[in-house]
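Student: Whatever position you read off the sequence shown (first residue = 1), add 10 for this note's numbering.
Dropping the structure in here first, questions after.
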Amino acid sequence: MDFIRLLAFAVPFMAGSEILGAITRGFGHAKYYVIVKNLTPPLVFLSALGAMAHFRAQAIWIAGAVAAASLLACAVGIVAIVRIAGPALWRTSPKYGFRALYGYAAGIMANSVFYIVFALTGLFAVAFFLGSEAVGIYRFCLQIVLPLDMILLAFHAAMGPVYPILSRENRIVELEEAYGTAIRWMVMLQLPIGIAIAWNRGDLLALAGPAFASGAQALMIMSVGYSLCTCFGTIAYILMLSGRRTVETWNAALTTTSNIVLAIVLIPRFGLAGAAAAATFSFILLNVARILEARHLMGLRTFRPYFLRIIAISAGSGTATFYGLELAGIAQGGDVFSVALRIAAALAVHAAALWTLGLNAQDKGVLGSLLRSLAQRGAARGKRP
């Protein structure tokens, strides 16, 4: 009961940080949204867990860590808004357009409810068919693939202000280019991470204890499936922000129904792997539907030769690196150092292969400009007294 009370204390701050992050994104500052939503909560939570482990605190303080992370994220959101708006924040009189607000939010709320049910279906089905210990293993697998969702959220924050303008002004060519750029860069980031997780699944699970090794098959299915699917996630924003929220609501309902049916059928037969397969197949079904809808309703194309080349290089470089290290007998231990060395080597080969064989002149120019901008900012900060 105390655990639930502490989590209940965190709920208002979770909601507050969500709203504040959305406001910063609405002001055109995607970086603050990422800081408030994607960076502050996990960093504070992991720091609190480290402190708990050091001082051997009671397990109840895990809920306290969640509350602290949400509270600090809310505070960071307030600071970000004050910094963006400045004195104008206090001089502006509020105007409450509740009818327009809730009319727009109703469809999004329906989508969110469906996706929450989708997320919880696997956990409840695993608990019902396999027991509480299996729930812990399955939940840990979901935590390992969390970076894939964080990348998706970051791109949502970046592309959210762009898609509705291009769609409203019927600038289909530019919308297609923006969408193609987003999924292309997401593939470059997500596929190597998914392959790294899949290849090192046993060692990553072993970090939590030997009992977690039974989740290796489930983690492999999740990492490969999610890394291939989440890169298409921004198309949901295109559908919703272009006035097609009903389409996405039907997508959410279809995905949730598919996950429930498949979970009931597959989990009793295949255990945790069945739960992962049910969620992954439903996720694939969702994104295939989105791609077809974007093509039919808006004329957006997805699978161009350049995009397929990026997929091939991203998948091939990571797989070849891990397989080559295994054949050479290099860094094959299950310790943290060996796992980190394998992943670092794969990412280095991936970056070199993309730069040499994958990226076109436009993407190289964008990446070069970004690196120069970061270097200039670092140099400017270094010169400050």
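No residue lacks a Cβ here, since even glycine has one placed at the ideal position from N, Cα and C.
Reducing DSSP to helix, strand and coil, say where Phe291 ends up.
Tutor: Three-state result, Phe291: helix.
Student: Return the chain-ordered list of same chain residues with a C-beta closer than 6 Å to the C-beta of Leu251, the five sequence neighbours on each side being excluded.
Tutor: Tyr173, Pro174
Student: Please return the same chain residues whose Cβ sits closer than 7 Å to the Cβ of Gly212, not counting the five positions on each side in sequence.
Tutor: Ala223, Ala226
Student: Terminal residues of the continuous alpha helix (DSSP H) containing Gly87?
Tutor: Element bounds for Gly87: 71-95.
Student: Is it buried or exposed, Tyr189, if we count other Cβ atoms within 10 angstroms and call 16 or more buried?
Tutor: buried
Student: What residues in its chain sit with their C-beta under 6 Å from that of Val359, if we drop five residues either side in the sequence?
Tutor: Ser327, Thr331
Student: For the alpha helix (DSSP H) holding Gly328, just list the boundary residues, first then last.
Tutor: 315-338
Student: DSSP state of Lys41, grouped into three classes?
Tutor: Helix at Lys41.
Student: Would you mind giving the Cβ-Cβ distance between Asn210 and Ile91, rounded to the nearest angstrom? I have them listed as a contact below 8 Å.
Tutor: Their Cβ separation, rounded to whole angstroms, is 40 Å, which puts Asn210 and Ile91 out of contact at 8 Å.
Student: Got a sec? Which residues, its chain only, sit under 7 Å from Asn370 by beta carbon, not counting five neighbours each side?
Tutor: Tyr316
Student: Between the Cα of Ile29 and the Cα atoms of Leu17, Phe13, Lys47, which residue gives the shortest distance?
Tutor: Lys47
Student: From Ile193 to Ala98, what distance separates their C-alpha atoms?
Tutor: 37 Å
Student: Classify Leu282: buried if its beta carbon has 16 or more other beta carbons within 10 angstroms, exposed otherwise.
Tutor: buried
Student: Drop a sphere of 10 angstroms on the beta-carbon of Met198, count the other beta-carbons inside from all chains shown, and report buried for 16 or more, exposed for fewer.
Tutor: With 16 or more other Cβ atoms inside 10 Å of its own Cβ, Met198 counts as buried.
Student: Just verifying my parser: in three-state terms, what is the DSSP assignment at Gln68?
Tutor: coil
Student: Name the residue from Ile205, Gln386, Cys239 whose alpha carbon lies nearest to the alpha carbon of Thr329.
Tutor: Ile205
Student: Can you check the segment 132-168 for any beta strand (DSSP E) of at least 3 residues that lies completely inside it and give the ranges in chain order?
Tutor: none
Student: Verify whether the separation of the beta carbon atoms of Asn121 and Ala262 is less than 8 Å.
Tutor: yes
Student: Verify whether the separation of the beta carbon atoms of Ala454 and Ala32 is less than 8 Å.
Tutor: With the chain covering only 11 through 395, there is no way to say anything about residue 454.
Student: Under the rule that 16 or more other beta-carbon atoms within 10 Å means buried, what is Ile70, buried or exposed?
Tutor: exposed
Student: Quick check on Arg311: does DSSP put it in helix, strand or coil?
Tutor: coil
Student: How many Å lie between Tyr148 and Leu162 at the Cα?
Tutor: Whole-angstrom Cα-Cα distance: 21 Å.
Student: Does Glu184 come out as helix, strand or coil in the three-state DSSP assignment?
Tutor: helix
Student: Do Ala285 and Ala228 have their beta-carbon atoms positioned less than 8 Å apart in this structure?
Tutor: yes
Student: Compare the C-alpha of Ala79 against each of Met62, Phe55, Arg93 and name the closest.
Tutor: Phe55
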